[in-house]
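Novice: For the working numbering, add 9 to where a residue sits in the sequence shown, where the first one is 1.
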Amino acid sequence: MKKFLSAVVSAVLTVSSATAVLASAADEKQEKFVVLGDSIASGQGLAASEHNYGELVADYYGGSVKNFAHSGDETTDLIKLLEEPSAEMTSSLKDADYVLVSIGGNDLIHYASTYLLNVCANVNVLKSGYTKDDIPADPTLDDITRLIDKEALKAYAKANPIQMNSTVQKLRTHIVGTKDKNKLYDCVIEQQVIPNIEKINADIKAVNPDAKIVYQTIYDPLQFDEDYFAAAYTGNTLTVMNMLIPVFTAVCDSYSSQLSSADLGGAPIADVYNDITSVDENGQKYGWYFTKIQEERDSMDIHPTQAGHVAIAAKIIDTIGAQADGGDLLKQTYGSLENSAKYPDTAYRTYTKVVYGNTIKPGDANDDRAIDAKDASFILAAYAKASTSGDNGMTAEQKTAANVNGDALVDAKDASSVLSYYSYVSTGGDKELSEFLAK
10 MKKFLSAVVS AVLTVSSATA VLASAADEKQ EKFVVLGDSI ASGQGLAASE
60 HNYGELVADY YGGSVKNFAH SGDETTDLIK LLEEPSAEMT SSLKDADYVL
110 VSIGGNDLIH YASTYLLNVC ANVNVLKSGY TKDDIPADPT LDDITRLIDK
160 EALKAYAKAN PIQMNSTVQK LRTHIVGTKD KNKLYDCVIE QQVIPNIEKI
210 NADIKAVNPD AKIVYQTIYD PLQFDEDYFA AAYTGNTLTV MNMLIPVFTA
260 VCDSYSSQLS SADLGGAPIA DVYNDITSVD ENGQKYGWYF TKIQEERDSM
310 DIHPTQAGHV AIAAKIIDTI GAQADGGDLL KQTYGSLENS AKYPDTAYRT
360 YTKVVYGNTI KPGDANDDRA IDAKDASFIL AAYAKASTSG DNGMTAEQKT
410 AANVNGDALV DAKDASSVLS YYSYVSTGGD KELSEFLAK
């Protein structure tokens, strides 16, 4: 009889436990994401083992993602895709909680490349054997390097600096100008990109009125490390680059401004431009860090690397604004970056904010975005000060970051742990501090 009663009680408890688990699972809504757009959104250039920003964002919220982005797509291509969607895309959009959109950059690149290639054809600086007929319908920056004779262009720029500068400034106005101010120019952002994005927004809302849509600004592809730039561009090439670089900056500024004023029903905009192409406190530009533009001088690969996708993901998460307990994949991916020690400050602050909240990263007691011997020394100095005056002089956040062993004391034990971790990562270790200390 006792065995029978025991079996009944066990069965009841098992059923109750299973019911509780099912109820808990039902309560935890799995956010569904859809990614739309261009090659940046599609993850072009990433290795099979690397992660697109859509994956990183979905993982952060414990959700799933469907990616329908296509490399090379302009705003008109996305409109066509939304008007003639596949059954899978329609179903995914209807179920989506969030739709992440990266679009518009190709409109500007294709326009600028077409303009420059036609100018070069007119002044006979295309490579031997090429004519206007060889210019593709939607050329890219790679087509510019493929078709233009660099030596001939440099010679032209040297002989005709005023005409060259005038050509570049006309391109700038064609892209960033507004129709009200000047009716002689195409005003590509105002007349083409923004109206098309507003149409895209309306098309998405027609499928799913409740979806939260997040748009992205475009980043400046022509930002270089100063030492690299000084070595790579000299003489007439430097003259041409110094004409083009301000144009790209102006285009990005105008795109951000006009996108923020677009009629998108209040859809938030992830300011990727600010995080990826800001200038640090020393006046250094670092957009190059997030792309491969400096890897091959004859290539203009401006697609985001894994570091770039981490930055974009963090900015989108920050823009969505909902803190979550996830982020393991984001942390692991950041930890896998070969040059994470040089990760630029503005993007790093966004990353740490979404991963750790508005607190200093554990172990980084001096808040200099690195966990190293300086933190150990900082902790020891604070410990020594507390031993004589009773106050270690740390802020509340610094105390939390310094107390790595969780014993409510900031002392030599914490300094020793930080120093051990620094030694570990200096010899190739890739675990987070918490994982390292747990073992």
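Quick reminder that beta carbons are idealized off the backbone N, C-alpha and C, glycines included. Keep in mind the model is a prediction, meaning the values are calculated, not measured.
Nearest-angstrom Cα distance between E444 and Y433?
Specialist: 12 Å
Novice: So, for D36: in the same chain, excluding its five sequence neighbours on each side, which residues have a beta-carbon less than 7 Å away from its beta-carbon?
Specialist: Caution is warranted here: a pLDDT of 44 is assigned to D36, below 50, making its placement in the model unreliable, and the coordinate value is therefore given only provisionally. Cβ neighbours of D36 beyond the five flanking positions: none.
Novice: For K208, I'd like the list of residues in its chain whose CB is within less than 6 Å of its CB, leaving aside the five on either flank, ordered along the chain.
Specialist: I88
Novice: Is the beta carbon of A331 less than 8 Å from the beta carbon of D284?
Specialist: no
Novice: Can you name the start and end residues of the beta strand (DSSP E) that V110 belongs to?
Specialist: Y107 to S111
Novice: Ignore the nearest five residues each way along the sequence and tell me which others in I144's own chain have a CB closer than 8 Å to its CB.
Specialist: Within the same chain, Cβ atoms closer than 8 Å to the Cβ of I144 are found at T123, L126, N127, A130, D152 and L156, the five residues on either side in sequence being excluded.
Novice: Look at N205 and L102 and say whether their C-beta atoms are less than 8 Å apart.
Specialist: At a Cβ-Cβ threshold of 8 Å, N205 and L102 do not count as neighbours.
Novice: Could you tell me which whole alpha helix (DSSP H) segments of length 4 or greater appear in the segment 151-231?
Specialist: As far as the segment 151-231 is concerned, its whole alpha helix (DSSP H) runs of at least 4 residues are 159-168, 170-185 and 203-216.
Novice: Can you say whether Q39 is buried or exposed, counting buried as having 16 or more other CB atoms within 10 angstroms of its CB?
Specialist: So Q39 counts as exposed.
Novice: In this structure, how does DSSP classify S80 when only helix, strand and coil are distinguished?
Specialist: coil
Novice: Assign A417 to one of two classes, buried (16 or more other C-beta atoms within 10 Å of its C-beta) or exposed (fewer than that).
Specialist: exposed
Novice: Tell me where the beta strand (DSSP E) around G46 begins and ends.
Specialist: Note, G46: beta strand (DSSP E), K41 to G46.
Novice: Out of curiosity, what's the CA-to-CA distance linking I325 and D376?
Specialist: C-alpha separation (whole angstroms): 24 Å.
Novice: Nearest-angstrom Cα distance between A32 and Y70?
Specialist: At A32 the pLDDT is 36, less than 50, meaning the model places this residue with poor confidence; the figure from the coordinates comes in the next sentence. About 19 Å.
Novice: Apart from the five residues on each side of it in sequence, which residues of its chain come closer than 7 Å, Cβ to Cβ, to E441?
Specialist: For E441, where only same-chain residues beyond five positions count, the Cβ hits under 7 Å are K340 and G344.
Novice: In this structure, how does DSSP classify P313 when only helix, strand and coil are distinguished?
Specialist: strand
Novice: Spell out the partners DSSP gives A424 in its beta bridges.
Specialist: Looking at the DSSP assignment, A424 forms no beta bridge with any residue, so it has no partner.
Novice: Return the first residue and the last residue of the alpha helix (DSSP H) that P353 is part of.
Specialist: Segment: none, P353 is in no alpha helix (DSSP H) and carries neither H nor E.
Novice: Within 10 angstroms of the Cβ of S266, are there 16 or more other Cβ atoms? Answer buried if so, exposed if not.
Specialist: exposed
Novice: Per DSSP, what kind of secondary structure is S73 in: helix, strand or coil?
Specialist: Looking at S73 - three-state DSSP - the assignment turns out to be strand.
Novice: Determine the contact status of Y431 and A382, defining contact as a CB-CB distance below 8 Å.
Specialist: yes
Novice: My parser needs the alpha helix (DSSP H) runs of 4 or more residues fully inside the segment 345-410; what are they?
Specialist: 354-365 and 382-398
Novice: Identify which residue in S58, Y165 and K41 has its Cα closest to the Cα of D219.
Specialist: K41
Novice: Checking 8 Å against the spacing of the C-beta atoms, do G372 and V427 come in under that value?
Specialist: yes
Novice: Is V288 helix, strand or coil when you go by DSSP?
Specialist: strand
Novice: When the distance is taken between beta carbons, is K408 closer than 8 Å to N414?
Specialist: no
Novice: For L45, tell me which candidate among L109, I118 and L65 has the shortest Cα-Cα distance.
Specialist: When the alpha-carbon of L45 is set against those of L109, I118 and L65, the nearest one is in L109.
Novice: Assuming Y107 and V223 make a contact with CB atoms under 8 Å, what is their CB distance in whole Å?
Specialist: V223 and Y107 do touch by the CB rule: their CB atoms are close to 6 Å apart, below 8 Å.
Novice: I need the straight-line Cα distance from V30 to D236, nearest angstrom please.
Specialist: Residue placement at V30 is flagged as unreliable, the pLDDT there being 37, under the threshold of 50; the coordinate-derived value follows with that caveat. So the alpha carbons of these two residues sit roughly 58 Å apart.
Novice: With a threshold of 6 Å on Cβ separation, who are the neighbours of T286 within its own chain once the five nearest residues in sequence on each side are excluded?
Specialist: So the list reads Y228, D229, Q232 and G296, once near-sequence residues are dropped.
Novice: Closest to Y392 by CA distance: which of A374, S111, I380 and A379 is it?
Specialist: It is A374 whose Cα lies nearest to the Cα of Y392.
Novice: Would the beta-carbon of T4 fall within 8 Å of that of A379?
Specialist: Residue 4 lies beyond the stretch modelled for the chain, which goes from 10 to 448, so this question has no answer here.
Novice: Considering only their Cβ atoms, is the gap separating E83 from D104 smaller than 8 Å?
Specialist: no
Novice: For the alpha helix (DSSP H) containing T246, name the first residue and the last one.
Specialist: G244 to S269
Novice: Once DSSP output is grouped into helix, strand and coil, what is the label at T300?
Specialist: strand
Novice: Name, in chain order, the residues that DSSP records as bridge partners for K294.
Specialist: V288
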